[in-house]
Amino acid sequence: MTAANPLYRIDGLPPFDRITASDVEPGIRTLIAETRAELERLEADPAARWDALVGQLDEMGRTLWTAWSAVRHLTAVMNTPELRAAHEAVQEEIVEVGLRIGQSRPIYDALVALQTSPEWGALDATQRRIVELRVLQAELNGVGLDGEARARFNAIAAELNRLATEFSNHLLDATRAWERVITEASEIAGLTADERGMLAASYQQAYPDAAGGDADTGPWRVTLDFPPLRAVLDHAHSRELRETVFKTFSSRASSGELDNTPFVGRILALRKEQAALLGFRNWAELAMESKMADVESASSLMQTLLDTSYPRARGEIDALREFAAAEGLRGELLPWDYRYYRDRLRERQFGFSSEELRPYFPLPRVLAGLFGVVERLFGVTIEPADGDAPVWHPDVRFFRILEDGAPIAAFYLDPYSRPETKRGGAWMDECLDRRRVQGELQLPVAHAVCNGTPPVGDRPSLMAFDEVETLFHEFGHALQHMLTRIERPSVAGIQGVEWDAVELASQFMENWCYHRPTVRGMTAHVDTGEPLPDELFDKLVAARTFFSGSDFIRQLRFGLLDMALHTTFDPDRDDLLALQREVSARTTVIAPWEGDRMLCAFAHIFAGGYSAGYYSYKWAEVLSADAFAAFEEAGLDDDAKVAAVGRRFRETVLGLGGSRHPVEVYRAFRGRDATPDALLRHNALAG
Ligand code: ZN
């Protein structure tokens, strides 16, 4: 039976066209059982030797992870209720087996023994890094603890897990609990036709039996989900509606049955206790053991960026106040006026809509432009290979990457939105990793998934500019996976790359969307074939830095608050709101509304992986901007020089991936550490 299961021991590319929901449970469970048996064999006699220990660990569960990647992928791009149920049925067992490997005490002891064995000196840098990462990860998971300390550590971990789920459930329920049905068209004046249509459809969906749901006659339903929220805050002329929506949104999950306030305090206290059990002074120190930055460098970067962007933000808001007054705003510019007037000012200054850009960006042309950049920079070629790999949907493309004529990697591109079956957003996922399988080199294969505008009739997909940027972004992740030189999967490509450095390759690629020759090369008006006119390109570039100071301080407010909560804040003694006010006083120009309870909705740090890590957004932007500056310094229009820097990027950031500490990788590329200068310059914040 197992032999016929397409998930069982996949050799090469997964048979995406043959995997069905009913294969998932039997296939994955068999592979889990095999992996557990491998683990038990190794645990029974873990020799402190590279081949016998780490070699085995690298190989352990290989066919399980390949099969699981295929299932996870199909669940995201070709979902059905059956597939979702099958995925859910085995997910916990998958997590459990992964944890058992990572937290195995006998294996941990052997890894530690290997570090002091005679063999250690003979291992290369990549091998040592693999051992060090495994030891560190196990220690951060409490493996080194004994007796009561270990029991307490595990109890805290379990409670933190539960609290994270409850926190996000509260948030979700509180977000869903509110709606406002509008019947007077005047109340939503200012919204675009598309937005009115969205609100009318939302009404129809919530009240299928009621009449109405027409874009122009209503009724319309406003909720706190992001698209309607943005529509109202950006466009609604009604100040009263904006105020209501803003206040409800900013105070959600902060009172009544869905109050997250007690969770915030409890989570912070438990994290502090857990950190103490492992010998750290606070949670941030623990969390940053496995980051590129440390508490000091992250904090000092945020302070530097704040010092530079704050005056600029103040200037932006002063100008906005003036503009709003001229537009007839009575009284002070309040938080619910900010996005509305900013949007109108943007229209006034740049006067182009994203719809105007679309016809210049047909997907085939954009792809040719993207592949051209990759070829120029990294000396590899990309060729379509449709038909060489089974796919899950007819829209999916398959490509190969070649170097000196030989294939080195491949990727699937699933470009269009399919709301019924495909998750929203865009992402890169690993399908196969680069490694030796029985002596043979397995080439890396990536999934690049977008949710772009589908083609209509015989016209190609016409991409919005942010869809183009997203494609470049995800392709940057894919390149790091595919162009790795490492054959040891746990540190090849994006594996083993510290959390705060992983957006370097992706954001780096986005910069090319603002490079004039590149953009000219990847645009061709769908009717006339004309490249994007210079005048539109210039507006695009100018719009990129519009209100950049205000955007910076907003991110820095979150980052500094997150860091303070996980370092100096004492959950037993200090007042959460007082801290929030103190940080806001330094990081806002428009005084926040006093009912703002953003901590109760700060899911990034209380229910996601960003605790003491929110700074990562800015940290990675510094890296990617500084990396792009290396190309600017060489001369962006000098092909030979761009190629030389590109090859260095390919051999360091992309080629080494997680096989070295990111500080070392970055220095190998740049010859020095990154500075924020380029980021500030690109955002018109320098000097
Ligand atoms: Zn990314």
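Just so we're aligned, residue 1319 is where the sequence shown starts under the working numbering, counting upward by one.
Ideal Cβ positions, reconstructed from N, Cα and C, are used throughout, including at glycine.
Per DSSP, the continuous beta strand (DSSP E) segment holding Asn1769 begins and ends at Val1763 to Gly1770. Under the DSSP assignment, Val1499 falls in the beta strand (DSSP E) whose first and last residues are Glu1497 to Ile1500. Residue burial is scored here from C-beta neighbours: Leu1349 has at least 16 other C-beta atoms within 10 angstroms and is therefore classed as buried. Using a Cβ distance threshold of 8 angstroms, Leu1917 and Val1901 do not count as a contacting pair. Judged by DSSP secondary structure, Met1746 falls within the beta strand (DSSP E) whose first and last residues are Trp1745 to Leu1750. Under the three-pair Cβ rule at 8 angstroms, the region 1810–1820 does not count as touching the region 1885–1895.
Comparing alpha carbon positions, the residue from Met1378, Ser1671, Thr1970 and Thr1393 closest to Val1415 is Met1378. Its Cα nearest to that of Met1800, the residue Ile1719 stands out among Arg1978, Phe1946, Leu1681 and Ile1719. Assignment of Tyr1730 by DSSP, reduced to helix, strand and coil, places it in the strand class.
At least 8 angstroms separates the beta-carbon of Val1698 from that of Trp1830.
Just so you know, the alpha carbons of Phe1716 and Ile1700 end up roughly 10 angstroms apart. DSSP places Phe1865 outside both helix and strand once states are collapsed to three, so it counts as coil. As computed with DSSP, Val1755 is found in a beta bridge with Glu1758. Secondary structure at Pro1332: coil, using DSSP grouped into helix, strand and coil. For Ile1350, no beta strand (DSSP E) run applies; the uninterrupted alpha helix (DSSP H) run containing it begins and ends at Ala1339 to Ala1362, by DSSP. Residue ranges of uninterrupted beta strand (DSSP E) with 3 or more members, entirely inside the region 1450–1515 and ordered along the chain, are 1497–1500. Neighbourhood of the ligand ZN, defined by CB distance below 6 angstroms to any of its heavy atoms: His1791, His1795, Glu1821 and Ser1824, in chain order. Taking C-beta atoms under 8 angstroms as the contact rule, Leu1481 and Arg1584 qualify, at a distance of about 6 angstroms. In this structure the region 1536–1555 lies against the region 1510–1527, because at least three pairs of beta carbons, one per stretch, are closer than 8 angstroms. If you draw a straight line from the Cα of Leu1675 to the Cα of Asp1552, it comes to about 21 angstroms.
As computed with DSSP, Gly1536 is found in a beta bridge with Asp1532.
Cβ atoms of Thr1970 and Phe1987 come within 8 angstroms of each other, at about 4 angstroms.
Taken through DSSP and simplified to helix, strand or coil, Pro1994 comes out as coil.
Relative to Val1342, the option among Glu1356, Ala1362, Glu1411 and Glu1450 whose CA is nearest is Glu1411. Taking the Cα positions, Leu1638 is about 29 angstroms away from His1833.
For Thr1699, the enclosing beta strand (DSSP E) covers residues Thr1699 to Pro1702. Contact check for Ser1868 and Leu2003: beta-carbon distance about 11 angstroms, past the 8 angstroms limit, so the pair fails to qualify.
Between Phe1696 and Arg1965, the C-beta spacing is below 8 angstroms.
Across the set Gln1592, Ala1611 and Phe1485, the C-alpha of Phe1485 shows the shortest separation from the C-alpha of Val1582. Secondary-structure assignment with DSSP links Val1774 through a beta bridge to Arg1777.
In terms of Cβ geometry, Leu1586 and Leu1895 do not form a close pair [threshold 8 angstroms].
Here Thr1541 carries a strand assignment [DSSP, helix/strand/coil].
In this structure, DSSP gives Ala1724 an extended state, which the three-state scheme calls strand. Each of Val1395, Arg1380 and Leu1822 was checked against the Cα of Gly1743, and the nearest Cα belongs to Val1395.
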